[in-house]
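Residue numbers (the numbering used here): 51 to 362.
Here the structure comes first, spelled out in structure tokens, and everything after it is commentary.
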Amino acid sequence: MNERRDRITHVFAGNPVDRGEVERRDEEWLTAQASDPASRMLPMWKLNVPVSAEQELSWLNIDDLRRLNVEAEPIFLGLIDGVSHFVVDVSAVEREEIEKDGLTFEDARTTAEYLSSPDSGIVAQARSQLSWHGSHGFCAVCGRPTHIARGGQVRRCAPKEDGGCGREHYPRTDPVVITVVHDGDRCLLGQSRGRLVAMRRYSALAGFMDQGESIEEAVAREVMEEAGIQVGAIRYHSSQPWPFPSSLMIGCHADAATTDIAFDPEEMTDVQWFSREEVRLALEERSEILAIPGPTAIAHHLIRAWAMGEVE
């Protein structure tokens with residue numbers, strides 16, 4: 051699988067945070083930083099993102115959280131210019147109470163349309179971590195409550211002498227392959243059932259990687275399962291964090307080895323070949339038969355790269 055030499059930074063990438071691997075080992079330091087007025091706190095309300103009137107991330111400090119009676123434990127994101135940054139779940143507080151000071155909460159997908167690359171990268175980390183902690187309060191091995199350690203990088207079950215099993219649980223990232231298959235001057239795009247509701251909206255074929263599977267194997271399997279198409283050479287393009295809740299989109303291009311479509315109606319509403327000319331019209335929003343995802347999605351850039359002749 052050939053790699054591109056240039057680096058592409060998608061929305062939800064470009065995170066400037068130093069995640070503080072060494073600092074996380076010191077629980078006393080973490081506790082002190084979480085109480086330091088100089089530390090910055092990103093409040094998230096039901097995983098919605100706090101933004102200012104200037105369409106930037108809104109940060110609070112520990113005194114602000116105390117005034118709001120926030121009891122949730124801050125999760126350490128890392129350091130920016132030596133300043134500790136945390137994310138904290140403020141969902142227990144009335145939204146109107148938090149929004150009094152000028153910030154508002156918006157869905158992360160909406161903010162992706164205007165946040166800077168560094169801010170969207172922070173959102174990806176913060177949202178994914180809060181989502182994971184919200185669903186892993188109990189040990190998957192013995193069922194006992196777990197507690198946050200290393201600033202949120204791990205959850206630990208109670209030790210055996212306290213009735214637990216002592217296991218450690220780490221946040222996971224789910225890899226997803228997303229692929230534009232092409233055959234000369236045509237590319238293969240599909241409509242996923244239950245996701246792309248617009249009648250003309252088509253996207254690259256995508257699916258979660260299975261255990262014990264390489265990227266190349268996952269691409270070949272997903273394209274066959276969704277479209278009934280066999281692929282030949284596969285090329286890596288770029289990747290994108292996708293915090294819904296915590297995926298990594300692995301973007302690829304693939305040569306078609308066969309061309310007869312036999313899509314799976316359980317997964318797909320439709321799969322079609324589209325000409326390069328039609329895709330270019332769609333990129334300009336002038337096509338009458340095709341619409342593609344916007345620039346916040348890696349699929350847009352995979353499709354554009356092929357349409358503009360950037361794929362070998």
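Don't be surprised by glycine CBs; every beta carbon is placed ideally from N, CA and C.
Within the same chain, show all residues whose beta-carbon is closer than 7 Å to that of residue i, passing over the 5 residues directly before and after it, in chain order.
{"i": "Glu374", "result": "Since the displayed the chain opens at 51 and closes at 362, residue 374 lies outside it and no answer follows."}
{"i": "Ala277", "result": "Leu238, Gly240, Leu255, Ile311, Phe313, Val321"}
{"i": "Val269", "result": "Val227, Thr229, Val281, Ile284, Cys302, Ala304"}
{"i": "Ala88", "result": "Val133"}
Could you check what DSSP says for residue i in three-state terms: helix, strand or coil?
{"i": "Leu340", "result": "coil"}
{"i": "Trp323", "result": "strand"}
{"i": "Ile265", "result": "helix"}
{"i": "Asn52", "result": "Below a pLDDT of 50, predicted positions are generally treated as unreliable, and Asn52, at 46, falls in that range; the measurement from the model is reported next regardless. It is a strand residue."}
{"i": "Asp131", "result": "coil"}
{"i": "Asp224", "result": "strand"}
{"i": "Met259", "result": "coil"}
{"i": "Ile348", "result": "helix"}
{"i": "Trp356", "result": "helix"}
{"i": "Val329", "result": "helix"}
{"i": "Val67", "result": "coil"}
{"i": "Arg243", "result": "coil"}
{"i": "Arg236", "result": "strand"}
{"i": "Asp310", "result": "coil"}
{"i": "Val361", "result": "coil"}
{"i": "Val273", "result": "helix"}
Between which two residues does the alpha helix (DSSP H) harbouring residue i extend?
{"i": "Thr81", "result": "77-84"}
{"i": "Glu161", "result": "Contrary to the premise, residue 161 reads as Thr rather than Glu in this sequence. Unbroken alpha helix (DSSP H) run through Thr161: 158-161."}
{"i": "Leu115", "result": "112-117"}
{"i": "Ile148", "result": "145-148"}
Taking the beta carbon of residue i as the centre, do at least 16 other beta carbons fall within 10 Å, making it buried, or is it exposed?
{"i": "Asn65", "result": "buried"}
{"i": "Asn119", "result": "exposed"}
{"i": "Ile339", "result": "exposed"}
{"i": "Val138", "result": "buried"}
{"i": "Val191", "result": "exposed"}
{"i": "Ser288", "result": "buried"}
{"i": "Thr309", "result": "exposed"}
{"i": "Gly201", "result": "buried"}
{"i": "Pro315", "result": "exposed"}
{"i": "Pro195", "result": "exposed"}
{"i": "Cys215", "result": "exposed"}
{"i": "Gln179", "result": "buried"}
Considering residue i, what are the terminal residues of the beta strand (DSSP E) in which it resides?
{"i": "Arg251", "result": "Careful: Arg251 lies outside any beta strand (DSSP E) and carries neither H nor E."}
{"i": "Ala304", "result": "297-306"}
{"i": "Ala283", "result": "281-292"}
{"i": "Arg90", "result": "90-94"}
{"i": "Val61", "result": "Note, Val61: premise wrong, no beta strand (DSSP E); not H, not E."}
Excluding five sequence neighbours on each side, which residues of the same chain lie with their C-beta closer than 8 Å to the C-beta of residue i?
{"i": "Val67", "result": "Leu127, Gly128, Leu129, Ile130, His135, Gly171, Ile172, Gln175"}
{"i": "Val101", "result": "Leu107, Ser108, Leu153, Thr154, Phe155, Glu156, Thr161, Leu165"}
{"i": "Asn98", "result": "Phe155, Glu156, Asp157, Ala158"}
Would the beta-carbon of residue i be found less than 6 Å away from any heavy atom of the ligand MN?
{"i": "Val138", "result": "Among the components of this structure there are no ligands whatsoever, and the ligand MN is therefore not found."}
Excluding sequence positions up to five away, which residues of its chain have a Cβ less than 6 Å from the Cβ of residue i?
{"i": "His60", "result": "Gln290, Ile348"}
{"i": "Gln105", "result": "Tyr164"}
{"i": "Arg145", "result": "Trp95"}
{"i": "Gly110", "result": "Note that residue 110 is Leu in the sequence shown here, rather than Gly. For Leu110, where only same-chain residues beyond five positions count, the Cβ hits under 6 Å are Met91, Pro93."}
Return no unless some Cβ of chain C is closer than 7 Å to the Cβ of residue i.
{"i": "Val120", "result": "Of the protein chains in this structure there is only one, and it is not chain C."}
- Please specify which runs of the beta strand (DSSP E), each continuous and at least 3 residues long, are wholly inside the stretch 165-217, giving them in chain order. Fully enclosed beta strand (DSSP E) runs of 3 or longer: 196-199, 204-207.
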